[in-house]
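Numbering (the UniProt record's numbering), first residue to last: 1 to 231.
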């Protein structure tokens, strides 16, 4: 069984969902330290003026676990962000088809950033036809840090294969996974084809909502289907 263990991000890019699609179990790593200026509470969309950030305001400092981070609802960021998304994508080919389903993530006030992110990721995974099983590290109660924690989670859920993002090649201890009889695989993000996208130029590193609004039910072809000749 293959697993991936990654922090929840806000409306992640297509590569995040490529990993989810490729594994049997995807574990949200939420009992680790929250990092600011990262993808946990923000992402980018393509606007008429180029890529712009969409941000979820949060409370508290950096010395929090991800699952402890609360959303700051004191400002009208939800309405502002919905207008920003509508202005950027109202002319997209599939905007009307998916706007209600995607913008529904803003209907409920979530207690924590994790809850919002996980809700949105599961909803988008369903739109993309992904059938991967989801779990949370907070439900598994595995101690340890860094590689030891990842290995412990794999062992707890019975995974003998672990998929990581390519950046982890710089710090992950390959021998630890080998000694634990866990096969280690690094996702390759190269080769993604361009798709019909609004505004000038093309941007790969934007939220998945860009791909869905522009390509609709053909979106999976530009994430994983292209490897099998589907586009």
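Cβ atoms here follow ideal geometry from the backbone N, Cα and C, with glycine treated the same way.
With distance defined between alpha-carbon atoms, name the residue in 226, 39, 140 nearest to residue 194. Locating residue 194 in the chain shown gives position 194, counting from the first residue. Comparing Cα-Cα distances from residue 194 to each of 226, 39, 140, the minimum goes to 226.
Can you check DSSP and say which residues form a bridge with residue 58? In the chain shown, counting from the first residue as 1, residue 58 sits at position 58. Looking at the DSSP assignment, residue 58 forms a beta bridge with 71.
Taking 8 angstroms as the threshold (C-beta atoms), are residue 133 and residue 142 in contact? Position 142 of the chain shown, counting from 1, holds the residue named residue 142. Position 133 of the chain shown, counting from 1, holds the residue named residue 133. No.
Bridge partners for residue 6 per DSSP, in chain order? Counting from 1 along the chain shown, the entry for residue 6 is found at position 6. Answer is 28, bridged to residue 6.
Suppose the cutoff is 7 angstroms on Cβ atoms and the five residues either side in sequence are ignored; what does the same chain contact list for residue 174 look like? Within the chain shown, numbered from 1, the residue matching residue 174 stands at position 174. Answer for residue 174: 184, listed in chain order.
Pick helix, strand or coil for residue 196, following the three-state DSSP scheme. Stepping through the chain shown from its first residue, residue 196 is reached at position 196. The answer is coil: DSSP assigns residue 196 none of H, G, I, E or B.
May I have the straight-line CA-CA distance separating residue 32 from residue 65, to the nearest angstrom? Mapped onto the chain shown, residue 32 falls at position 32. Mapped onto the chain shown, residue 65 falls at position 65. Each residue's Cα considered, the two are about 5 angstroms apart.
Going by C-alpha distance, which of 15, 110, 3 is nearest residue 222? Taking the chain shown and counting its residues from 1, the one referred to as residue 222 is at position 222. Selected option, being the one with the closest Cα: 15.
Distance between residue 200 and residue 104 (C-alpha atoms, nearest Å): Mapped onto the chain shown, residue 104 falls at position 104. Mapped onto the chain shown, residue 200 falls at position 200. Cα-Cα distance, rounded: 28 angstroms.
Considering Cα atoms alone, identify which of 58, 124, 80 is closest to residue 100. The residue given as residue 100 occupies position 100 in the chain shown. Of the candidates 58, 124, 80, the one whose C-alpha sits nearest the C-alpha of residue 100 is 124.
Return no unless some Cβ of chain C is closer than 8 angstroms to the Cβ of residue 87. Of the protein chains in the structure, only one exists, and it is not chain C.
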